[in-house]
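Protein chains in written order, with our numbering: chain A, 1 to 154; chain P, 1 to 154; chain Z, 1 to 154.
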Amino acid sequence: MIDLLSICSFNAAYAEAIDSDALEQWPAFFAQQCRYRITNVENERDGLAAGIVYADSRAMLEDRIAALREANIYERHRYRHLLGIPLVQEADAQAAVSRTPFMVARIMHTGETMVFATGVYADRFVMVDGKLLLEERTAVCDSTVTDTLLALPL
Amino acid sequence: MIDLLSICSFNAAYAEAIDSDALEQWPAFFAQQCRYRITNVENERDGLAAGIVYADSRAMLEDRIAALREANIYERHRYRHLLGIPLVQEADAQAAVSRTPFMVARIMHTGETMVFATGVYADRFVMVDGKLLLEERTAVCDSTVTDTLLALPL
Amino acid sequence: MIDLLSICSFNAAYAEAIDSDALEQWPAFFAQQCRYRITNVENERDGLAAGIVYADSRAMLEDRIAALREANIYERHRYRHLLGIPLVQEADAQAAVSRTPFMVARIMHTGETMVFATGVYADRFVMVDGKLLLEERTAVCDSTVTDTLLALPL
Chain A
1 MIDLLSICSF NAAYAEAIDS DALEQWPAFF AQQCRYRITN VENERDGLAA
51 GIVYADSRAM LEDRIAALRE ANIYERHRYR HLLGIPLVQE ADAQAAVSRT
101 PFMVARIMHT GETMVFATGV YADRFVMVDG KLLLEERTAV CDSTVTDTLL
151 ALPL
Chain P
1 MIDLLSICSF NAAYAEAIDS DALEQWPAFF AQQCRYRITN VENERDGLAA
51 GIVYADSRAM LEDRIAALRE ANIYERHRYR HLLGIPLVQE ADAQAAVSRT
101 PFMVARIMHT GETMVFATGV YADRFVMVDG KLLLEERTAV CDSTVTDTLL
151 ALPL
Chain Z
1 MIDLLSICSF NAAYAEAIDS DALEQWPAFF AQQCRYRITN VENERDGLAA
51 GIVYADSRAM LEDRIAALRE ANIYERHRYR HLLGIPLVQE ADAQAAVSRT
101 PFMVARIMHT GETMVFATGV YADRFVMVDG KLLLEERTAV CDSTVTDTLL
151 ALPL
């Protein structure tokens, strides 16, 4: 049975991988066949599937991280994810659906810190060989204004 | 026995109802006879009971939501609640007292995001027909400056 | 066995002590022989042990609080800690190692609220007479710019 605590632990490890610059670990939180999107609340309400960022396999997520390293984005800013308690909507031994609120601060090279994005992860988890993985994560941002610096994963 | 995880789950659902604009669900998180207040730390220390917002029944909370819909506040801004882990001070099978820190971001129609309010929920929970409900929630804001836009529930 | 929930509860009480101005309770969250540091991510990466703030016993933490009271810092600002879910890296019956992300807002006397610091607590916990205590807490701030107002404990 996938439960609240296992999703909490998953999310803690997910956020730590991004925020500690262990970006290469990030794709491994997803199933091989997966869907990762960043979109906003208005697009989501209107049923626009694409979003600001879209990937439909773990391989695409790996490509994305390789591109970020190439662009050397990390030198320019860091993120800090604060995640809320997941609202578990469905859960059994094999899969779970939950929503987890997020607030992400961006810390610039100059030291300036600001709230960069808020929203909710709409997630579908699956158990694969005893390991909890994301089959789908949609980061629905509350703000409809897309920052052109949007680069690190949410 | 009301425990930490049940309060965590309650709070996750409470925040999601507000932040996803399902405001009509909000009063149902409270017992019929309840007390909901928004106040600040200085007023609370001085024992001023009233606060910025005051309601003493679920019916008053329903009226408040109806008024918000009438005023069409939702078009103008959204909230995103990030809630901390509750500090459970007392708990048995029928009731619990806890304090939960909050940070609420406000997202304006323009996309601008800011930390709108921080503080702590001082709560008393009761079990009613097997369901956890708020008998009392006091949102004690850290800032003593009341924003005139204060409108959505905290 | 020290588990995720016991660390969550510990952190909730720790943050509440600071944010509710019960600063005199703060040293009691640490073992008598302990290490408390505030540093930043670049210093930590470079292995600089000292940090912005350094204490290596509970007595030093008590001195620090006494000094803060003397300086009457509390009148000038408050903090609100929002802590994430701990990532438990090692745990047995006697000790645990975990990382907990934090976001701290500062609320000035004027009511102005801002994100003051983000980062991660790198912690080592120990059980002493059945009580969970910090043997080591390093608050690793994401920003390398130290605010000269840095005063209250993180």
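Backbone N, C-alpha and C define an ideal beta-carbon position, used for all residues, glycine too.
Taking all protein chains shown into account, Arg69 of chain Z has fewer than 16 neighbouring C-beta atoms within 10 Å of its C-beta and is therefore exposed. The Cβ atoms of Val140 of chain A and Thr39 of chain A lie closer than 7 Å to each other. The continuous beta strand (DSSP E) containing Val88 of chain P extends over residues 87-91.
Boundaries of the alpha helix (DSSP H) around Arg58 of chain A: 58-71. According to the DSSP assignment, Phe10 of chain Z belongs to the alpha helix (DSSP H) that extends over 4-19.
Contact annotation for Glu16 of chain Z against chain P: Leu87, Arg99 [CB-CB distance below 7 Å, chain order]. One thing to note: Thr113 of chain P has its Cβ no nearer than 7 Å to the Cβ of Asp142 of chain P. With distances taken between CA atoms, Ile85 of chain A lies nearest to P:Asn11 out of P:Cys34, P:Tyr36, P:Val104, P:Asn11. Distance from the Cα of Phe116 of chain P is smallest, within the candidate group P:Val88, P:Phe29, P:Val128, P:Phe102, for P:Phe102. When Cβ pairs closer than 8 Å are counted between the two stretches, the region 12-27 of chain Z is seen to touch the region 57-69 of chain Z, the count reaching three or more. The C-beta of Asp19 of chain Z has 16 or more other C-beta atoms within 10 Å across all chains shown, which makes the residue buried. Rounded to whole angstroms, the separation of the alpha carbons of Met127 of chain Z and Met1 of chain Z is 10 Å. Contact check for Arg78 of chain A against Ile52 of chain A fails: the beta carbons are separated by 7 Å or more. Chain P has no Cβ within less than 7 Å of the Cβ of Thr113 of chain A.
Taken in chain order, the members of the region 124-143 of chain A whose beta-carbon sits within less than 8 Å of a beta-carbon on chain P are Asp142, Ser143. Against chain Z, the beta carbon of Ser9 of chain A has neighbours under 8 Å at Leu4, Ile85, Leu87, Val88, listed in chain order. Sixteen is the threshold: when 16 or more other Cβ atoms of the shown chains lie within 10 Å of the Cβ of Val104 of chain Z, as they do, the residue is buried. In this structure, the beta-carbon distance from Arg37 of chain Z to Tyr14 of chain Z does not fall below 7 Å. Between the alpha carbons of Arg124 of chain Z and Leu134 of chain Z lies a gap of roughly 6 Å. Under the DSSP assignment, Glu42 of chain A falls in the alpha helix (DSSP H) whose first and last residues are 41-45.
Taking C-beta separations shorter than 7 Å and ignoring five residues to either side along the sequence, the partners of Gln32 of chain Z in its chain run Ser57, Arg58, following chain order. Contact annotation: Leu87 of chain P and Arg99 of chain P have beta-carbon atoms nearer than 7 Å. Nearest C-alpha to Arg35 of chain P among P:Pro27, P:Glu42, P:Val41: P:Pro27.
By the rule that beta-carbons nearer than 7 Å mark a contact, Leu154 of chain P does not touch chain A.
Closest option to Lys131 of chain P, judged by alpha-carbon separation, among P:Pro153, P:Ala95, P:Thr144, P:Glu44: P:Ala95. Taking 8 Å as the upper bound for CB-CB distance, Gly111 of chain Z and Thr144 of chain P are in contact here, some 6 Å apart. Listed as beta-bridge partners of Thr118 of chain Z by DSSP are Z:Met103. Under the criterion of beta carbons closer than 8 Å, Thr138 of chain A and Ala122 of chain A qualify as touching, at roughly 4 Å. Secondary structure note for Leu133 of chain Z: its beta strand (DSSP E) is the uninterrupted segment 131-141. Residues of the region 40-54 of chain A whose Cβ lies closer than 8 Å to any Cβ of chain Z: none. The C-beta of Leu82 of chain P comes closer than 7 Å to at least one C-beta of chain Z. Interface annotation, Arg78 of chain P: in contact with chain A, CB-CB separation under 7 Å.
Apart from the 5 residues on each side of it in sequence, Asn43 of chain A sits with its Cβ closer than 7 Å to the Cβ of Gly51 in its chain, given in chain order. Scanning chain P for C-beta atoms nearer than 9 Å to the C-beta of Ala13 of chain Z yields Leu87, reported in chain order.
Straight-line measurement puts the Cα of Val41 of chain Z at about 12 Å from the Cα of Ala49 of chain Z. For the C-beta of Thr118 of chain A, the chain P residues within less than 7 Å are, from N- to C-terminus, Arg80, Ala105, Ile107, Thr113.
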